[in-house]
Ligand code: SF4
């Protein structure tokens with residue numbers, strides 16, 4: 043059964059890459075094989091690969107739809123691809139991603155047990171923030187991905203992700219430390235790993251946020267949601 047999907051596309055040669063191995067869903071009974079679900083994610087990635095809905099399409103090398111477990115306890119949502127992500131077609135594989143990989147075990151998970159995606163699927167030039175019209179154009183893809191994988195929880199990494207999903211202009215500082223919801227799914231906000239790399243003072247609040255996040259999905263070996 044395939045439970046892990048990695049999708050990478052080249053602008054010049056749009057081919058779907060689906061890779062294993064297939065880490066088990068976090069502490070939950072393995073769901074029945076669901077080619078329809080995989081098809082949904084793959085179908086979304088196919089649409090992204092040929093997307094020209096905003097100007098970011100002109101500068102990308104690859105689209106970066108996201109990757110991970112099809113049944114994740116946590117879906118991490120960042121801002122947009124950087125240089126390394128644009129080169130590889132994979133989310134969070136640069137310095138910030140390597141730092142995120144160190145956070146994930148602190149909540150009892152491995153990277154492959156989560157789903158990792160971004161608000162925009164194409165790299166903004168010189169890593170600038172995505173513009174409102176680019177976020178609006180791209181957000182339906184992320185919304186479709188969330189609906190496809192049905193994560194137990196969502197963790198927004200940074201202001202762009204939090205503001206886009208929660209439809210707010212509030213700061214990360216005012217949004218973190220509490221549980222929000224996105225269409226009924228518990229959602230926690232914390233700082234983006236790249237911000238924490240720049241400012242080590244943010245490590246402590248991130249730790250608090252991750253502890254909060256950990257209370258919101260079933261612990262390993264449990265089949266029922268944590269209360
Ligand atoms: S950023 Fe999103 S909306 Fe813009 S071209 Fe890429 S996939 Fe399409």
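Residue numbers (our numbering): 43 to 269. Virtual Cβ for every residue (Gly too), placed ideally from N, Cα, C.
**Request:** Identify, in the order they occur along the chain, each residue of the same chain with its Cβ nearer than 8 Å to the Cβ of residue 145, setting aside the five sequence neighbours on each side.
**Result:** As a first step, residue 145 must be located in the chain shown, where it is residue number 103. Counting only Cβ-Cβ distances below 8 Å, and skipping sequence neighbours, we find 235, 248, 252.
**Residue nearest to residue 207 in terms of C-alpha spacing, selected from 239, 242, 162** = Against the chain shown, residue 207 aligns to sequence position 165. Ranking the options by Cα distance to residue 207, first place goes to 162.
**Message:** I need the residues with a C-beta less than 7 Å from some heavy atom of the ligand SF4; please give them in chain order.
**Reply:** 90, 93, 94, 95, 96, 98, 99, 102, 105, 162, 163, 164, 176, 179, 180, 183
**Request:** Count the other CB atoms, across all protein chains shown, that sit within 10 Å of the CB of residue 254; report buried if there are 16 or more and exposed otherwise.
**Result:** Stepping through the chain shown from its first residue, residue 254 is reached at position 212. That one is buried.
**Prompt:** Do residue 107 and residue 91 have their CB atoms nearer than 9 Å?
**Reply:** Within the chain shown, residue 107 is the residue found at index 65, counting from 1. Within the chain shown, residue 91 is the residue found at index 49, counting from 1. Contact: yes.
**Asked** Excluding sequence positions up to five away, which residues of its chain have a Cβ less than 6 Å from the Cβ of residue 165?
**Response** Numbered from 1 along the chain shown, position 123 holds the residue referred to as residue 165. Counting only Cβ-Cβ distances below 6 Å, and skipping sequence neighbours, we find 102, 123, 128.
**Minimum C-alpha distance to residue 156 - residue among 134, 174, 93** = As a first step, residue 156 is located in the chain shown; it is residue number 114 there, counting from the start. Comparing Cα-Cα distances from residue 156 to each of 134, 174, 93, the minimum goes to 134.
**Prompt:** Are the Cβ atoms of residue 111 and residue 154 separated by less than 9 Å?
**Reply:** In the chain shown, the residue the question calls residue 111 occupies position 69. In the chain shown, the residue the question calls residue 154 occupies position 112. Yes, the pair counts as a contact, with Cβ atoms nearer than the cut-off.
**Prompt:** Excluding five sequence neighbours on each side, which residues of the same chain lie with their C-beta closer than 6 Å to the C-beta of residue 169?
**Reply:** Position 127 of the chain shown holds residue 169. Hits under 6 Å: 124.
**Prompt:** How is residue 139 classed by DSSP in three states: helix, strand or coil?
**Reply:** Sequence index remark: in the chain shown, residue 139 carries index 97 (1-based). Residue state, collapsed to three classes: helix.
**Asked** Does the pairing of the region 226 to 245 with the region 177 to 195 give three or more beta-carbon distances under 8 Å?
**Response** yes
**Assigned secondary structure, residue 118 (DSSP; H/G/I helix, E/B strand, else coil)** = Position 76 of the chain shown, counting from 1, holds the residue named residue 118. In this structure, residue 118 counts as strand in the three-state DSSP scheme.
**Request:** Identify, in the order they occur along the chain, each residue of the same chain with its Cβ nearer than 7 Å to the Cβ of residue 158, setting aside the five sequence neighbours on each side.
**Result:** Taking the chain shown and counting its residues from 1, one reaches residue 158 at position 116. So the qualifying residues of the chain are 108, 109, 110, 118, 133, 134.
**Item:** Segment limits, alpha helix (DSSP H) that includes residue 227
**Value:** By 1-based counting over the chain shown, the position of residue 227 is 185. Where residue 227 is concerned, there is no enclosing alpha helix (DSSP H), although the beta strand (DSSP E) it sits in stretches over 227 to 232.
**Message:** Strictly by DSSP, which residues pair up with residue 130?
**Reply:** Numbered from its first residue, the chain shown carries residue 130 at position 88. Per DSSP, none; premise fails for residue 130.
**Prompt:** Relative to the C-alpha of residue 120, which residue among 88, 261, 160 is closest?
**Reply:** Numbered from 1 along the chain shown, position 78 holds the residue referred to as residue 120. Taking only the C-alpha atoms, the option nearest residue 120 is 160.
**Message:** Short of 7 Å in beta carbon distance, which residues of its chain neighbour residue 239, apart from the five on each side in sequence? Order them along the chain.
**Reply:** By one-based count along the chain shown, residue 239 stands at place 197. So the list reads 137, 138, 141, once near-sequence residues are dropped.
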